[in-house]
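A.B. asks:
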Amino acid sequence: MSQRTAAPAAGRTSAPPPPPSSPPRSRLTPLLFLLPVALSFLLSQQRIDQVRDWATGLSKADVSGPLSLKGVSCPAEVAPLNVGLDWRPEDDAAYKQLAIERLQGAIRIPTETFDDMVGPDDPRFAIIGDLHAYFERTFPRVWATLDVEKVARWGLVLTWKGRDESLKPVVLMAHQDVVPVNPSTVSHWTHPPYSAHLDEQGWIWGRGSGDCKNTLVGALSAIDKLIEEGFTPTRSIIISSGADEEVGGRRTALPIAHALEARYGRDGIALIIDEGSGGVDTVFGVPFARFGTAEKGAVSAHVEVFTPGGHSSVPLGAHTGIGILARCIVALEDHLFPPGLRAGSPMLQQLQCAADHGHVSDAWRKRARDPKQWESLGLELAKKNPIFRAFLGTTQAVDLIDGGIKLNALPEYSSAFINYRIDFQSSVNETLEHIAAVLEPVVTALGLTFAPFGAHPEIENNVVRLSQFGTSGIEPAPLTPTEGPVWDLIAGTTRHIWPGAVVAPSGMIANTDTKHTWNLTSNIYRFVPASTEQIKGYHTVNERMHVDAHISSIRFFYKLLRNTEGWQAE
21 MSQRTAAPAA GRTSAPPPPP SSPPRSRLTP LLFLLPVALS FLLSQQRIDQ
71 VRDWATGLSK ADVSGPLSLK GVSCPAEVAP LNVGLDWRPE DDAAYKQLAI
121 ERLQGAIRIP TETFDDMVGP DDPRFAIIGD LHAYFERTFP RVWATLDVEK
171 VARWGLVLTW KGRDESLKPV VLMAHQDVVP VNPSTVSHWT HPPYSAHLDE
221 QGWIWGRGSG DCKNTLVGAL SAIDKLIEEG FTPTRSIIIS SGADEEVGGR
271 RTALPIAHAL EARYGRDGIA LIIDEGSGGV DTVFGVPFAR FGTAEKGAVS
321 AHVEVFTPGG HSSVPLGAHT GIGILARCIV ALEDHLFPPG LRAGSPMLQQ
371 LQCAADHGHV SDAWRKRARD PKQWESLGLE LAKKNPIFRA FLGTTQAVDL
421 IDGGIKLNAL PEYSSAFINY RIDFQSSVNE TLEHIAAVLE PVVTALGLTF
471 APFGAHPEIE NNVVRLSQFG TSGIEPAPLT PTEGPVWDLI AGTTRHIWPG
521 AVVAPSGMIA NTDTKHTWNL TSNIYRFVPA STEQIKGYHT VNERMHVDAH
571 ISSIRFFYKL LRNTEGWQAE
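With the numbering used here applied, the sequence shown corresponds to residues 21 to 590, in that order.
#1: State the Cα-Cα distance for the pair Gln445 and Lys556, rounded to the nearest angstrom.
#2: Which residues bound the beta strand (DSSP E) around Tyr440?
#3: Jot down the residue ranges of each uninterrupted alpha helix (DSSP H) in the region 300 to 372, minimum 4 residues, whole runs only, in chain order.
#4: Label Asp443 either buried or exposed according to how many other C-beta atoms from any shown protein chain fall within 10 Å of its C-beta, with 16 as the threshold for buried.
#5: Within the chosen definition, does the region 373 to 387 reach the region 529 to 536 through at least 3 CB pairs nearer than 8 Å?
#6: Within 10 angstroms of its Cβ, does Gly228 collect 16 or more other Cβ (buried), or is it exposed?
#7: Around the Cβ of Leu105, are there at least 16 other Cβ atoms within 10 angstroms (buried) or fewer (exposed)?
#8: Put Leu192 into one of helix, strand or coil per three-state DSSP.
#9: Going by the beta-carbon positions, is the gap between Ile120 and Gly317 smaller than 8 Å?
#10: At what residues does the alpha helix (DSSP H) containing Pro505 begin and finish?
#11: Between Ser573, Val567 and Trp518, which has its C-alpha nearest Thr302's C-alpha?
#12: In the DSSP output, what is Phe470 paired with across the bridge?
#13: Looking at C-alpha atoms only, which residue of Glu324, Glu266 and Ser572 is the closest neighbour of Ser435?
#14: For the putative contact between Ala290 and Asn543, defined by C-beta atoms under 8 Å, what is the C-beta separation to the nearest angstrom?
#15: Taking Leu178 and Val171 to be in contact with their CB atoms under 8 Å, please state how far apart those CB atoms are, rounded to whole angstroms.
#16: Tell me which residue opens and which closes the beta strand (DSSP E) that Thr451 is part of.
#17: Taking the alpha-carbon positions, what's the Thr414 to Gly268 distance?
#18: Starting from the Cα of Gln221, find the closest Cα among Ala589, Met565, Phe576 and Leu280 and give me that residue.
#19: Classify Ala290 as helix, strand or coil using the three-state DSSP reduction.
#20: Taking the alpha helix (DSSP H) that Tyr115 belongs to, which residues open and close that run?
#21: So the candidates are Thr158, Glu553 and Gln369; which of them puts its Cα closest to the Cα of Val523?
#22: Need the endpoints of the alpha helix (DSSP H) that Trp394 sits in, please.
#23: How would you call His516, buried or exposed, if buried means at least 16 neighbouring beta carbons within 10 angstroms?
#24: Which same chain residues end up closer than 7 Å to Pro50 when comparing Cβ atoms and leaving out the 5 residues on each side of it in sequence?
#25: How about Leu336 and Gly330: do their beta carbons lie closer than 8 Å?
#26: Any idea what DSSP makes of Leu412, helix, strand or coil?
#27: Roughly how many whole angstroms lie between the Cα atoms of Ala589 and Lys116?
#28: Cutting at 6 Å between CB atoms, please list the residues of its own chain near Leu427, excluding the five before and the five after it.
#29: Express the C-alpha separation of Val162 and Arg108 in angstroms, rounding to a whole number.
#30: Can you look up Arg564 in the DSSP assignment and give me helix, strand or coil?
#31: Does DSSP put Gly269 in a helix, a strand or coil?
#32: Can you check DSSP and say which residues form a bridge with Ser93?
#33: CA-CA distance, Leu63 and Thr464?
#34: Pull up the CB-CB distance for Ser487 and His355, whole angstroms please, since I reckon it's below 8 Å.
#35: Taking the alpha helix (DSSP H) that Ile425 belongs to, which residues open and close that run?
#36: When the Cα of Arg546 is compared with those of Gly296, His339, Val334 and Leu459, which residue comes out closest?
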């Protein structure tokens with residue numbers, strides 16, 4: 021469950037500090053390895069102990085062969101897993117047509133959510149009810165067989181009770197809502213955003229086709245097929261579907277997580293699979309399936325400048341409030357968190373998978389395996405492209421700015437909002453400490469008062485105030501295991517669906533509803549069971565998904581649930 025860390029008081033320094041060394045946990049891959057992930061999504065103390073353990077072995081690493089350090093090396097290959105019937109929906113033309121129509125129907129319901137939606141009574145949530153009714157009509161077997169609950173009015177929890185209730189359930193997550201379509205961009209779409217148009221090449225166009233009605237409809241379709249075949253699960257299977265993921269998930273996804281914890285207890289779930297930026301693609305001549313085993317944190321900072329007003333013909337100093345704010349922003353942008361590639365990073369594990377299995381040069385392979393080369397390799401990759409840099413450390417973006425109300429009036433108030441996506445190994449607290457340490461000497465040098473994180477100076481003007489915006493603080497997710505029976509289940513299933521695929525760890529630079537589920541299990545994986553080349557336009561114009569990608573999603577969920585029969589989780 022997301023946690024907020026109390027913000028620190030800023031300490032006095034005489035000059036902006038050097039950029040902090042990135043904390044002990046980050047993510048990355050070589051350029052060709054990262055590119056499919058990046059493009060497809062466009063757009064703790066425990067960790068410290070782990071890093072100490074890794075550090076003791078780094079100097080002993082043998083760079084001539086695969087690394088064998090826990091948390092650094094590529095996970096061991098798992099044999100393909102195929103329990104029970106092996107249904108192949110791609111070979112059934114009639115079923116493919118049915119699957120297309122089911123997904124089209126869901127896309128045509130514009131379940132947009134907005135940041136200012138307050139609670140379940142907001143009338144804009146009513147469209148979610150239309151989606152519920154559509155699912156009940158489209159999947160009557162599922163609604164008749166599973167226990168259907170509505171949490172916080174619009175959240176859906178569908179429970180297929182297992183024969184052995186002592187076993188921990190498996191949870192499939194997917195959200196119902198979609199990001200809004202900007203009305204000014206509708207004319208830019210090749211096909212209308214809620215038409216769910218199927219073109220001659222097999223692409224289904226529409227908002228939500230990839231993010232993430234494909235996953236939700238795919239999970240429902242898989243369960244529907246299992247019911248049709250007479251399958252009854254040994255352990256319970258749950259579909260958990262929030263209705264507000266695109267606006268943070270606090271209105272429905274969080275109450276669902278609370279309800280599941282109350283029912284099954286802390287660590288009461290065997291496995292959660294939710295959406296992710298990783299899928300299946302071919303790099304270095306080898307198919308890779310990337311499961312998100314980590315997720316970045318996030319926090320937004322609010323910088324406010326209070327200065328005396330007056331006529332612009334008589335400025336009161338070298339800098340107006342806007343100028344002071346500009347100096348603060350420049351200081352922050354001059355002292356970014358540095359990128360890096362370090363032990364404990366799921367991206368480092370990806371790199372090792374590429375070295376172990378990809379068709380790469382011996383020189384590159386040796387460099388990737390040499391811990392002494394990781395720092396320079398990380399910096400080198402980050403310089404190649406800002407997208408790659410986002411995977412390698414905490415990022416900063418000044419997104420909103422405000423100041424002044426009239427051309428001939430000195431601004432009395434100026435402000436900026438800065439969004440941070442926190443490195444997998446860092447924290448909200450460390451990020452806020454860095455911001456304060458950068459800003460304080462700048463503000464002091466200008467002869468102003470610095471008021472960080474709740475400090476209340478007696479004066480009201482010539483003050484720069486720093487605060488954490490709202491409830492925006494989300495810690496980086498705990499690292500998910502890449503060994504053991506749960507990993508073997510998902511990796512074995514994946515290697516059955518995609519023969520020869522290397523199943524590798526990855527991560528999420530955006531946030532998912534899994535941020536509310538940390539109390540439920542340590543086994544949280546983020547994955548799109550499809551080729552990343554067959555999903556386009558997340559959150560933008562011309563979002564679309566290929567029919568084959570949807571079919572592979574259905575087959576993956578079907579086989580995963582069949583493979584839980586006889587499976588022993590810890």
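Glycine residues also receive a C-beta, built at the ideal position from the N, C-alpha and C atoms.
Only a predicted model underlies this, so the values are computations on that prediction, with no experimental measurement involved.
C.D. replies: In short:
#1: 30 Å
#2: Tyr433 to Ile442
#3: 341 to 354
#4: buried
#5: no
#6: buried
#7: exposed
#8: strand
#9: no
#10: Pro505 to Ile517
#11: Trp518
#12: Val484
#13: Glu324
#14: 7 Å
#15: At roughly 11 Å, the Cβ-Cβ gap does not stay under 8 Å, so Leu178 and Val171 are not in contact.
#16: No beta strand (DSSP E) holds Thr451; the alpha helix (DSSP H) holding it covers Val448 to Ala465.
#17: 20 Å
#18: Met565
#19: coil
#20: Ala113 to Ile127
#21: Gln369
#22: Trp394 to Lys404
#23: buried
#24: A caution first: Pro50 carries a pLDDT of 48, below 50, which makes its placement in the model too unreliable to give a value.
#25: yes
#26: coil
#27: 33 Å
#28: none
#29: 20 Å
#30: strand
#31: coil
#32: Answer is none; Ser93 lacks a bridge partner.
#33: The pLDDT assigned to Leu63 is 39, lower than 50, so where the model puts this residue is not dependable; a value taken from the coordinates is nonetheless given after this. So the alpha carbons of these two residues sit roughly 39 Å apart.
#34: So it is not a contact: roughly 19 Å between Cβ atoms.
#35: Looking at the DSSP string, Ile425 is not in any alpha helix (DSSP H), and its letter there is neither H nor E.
#36: Gly296
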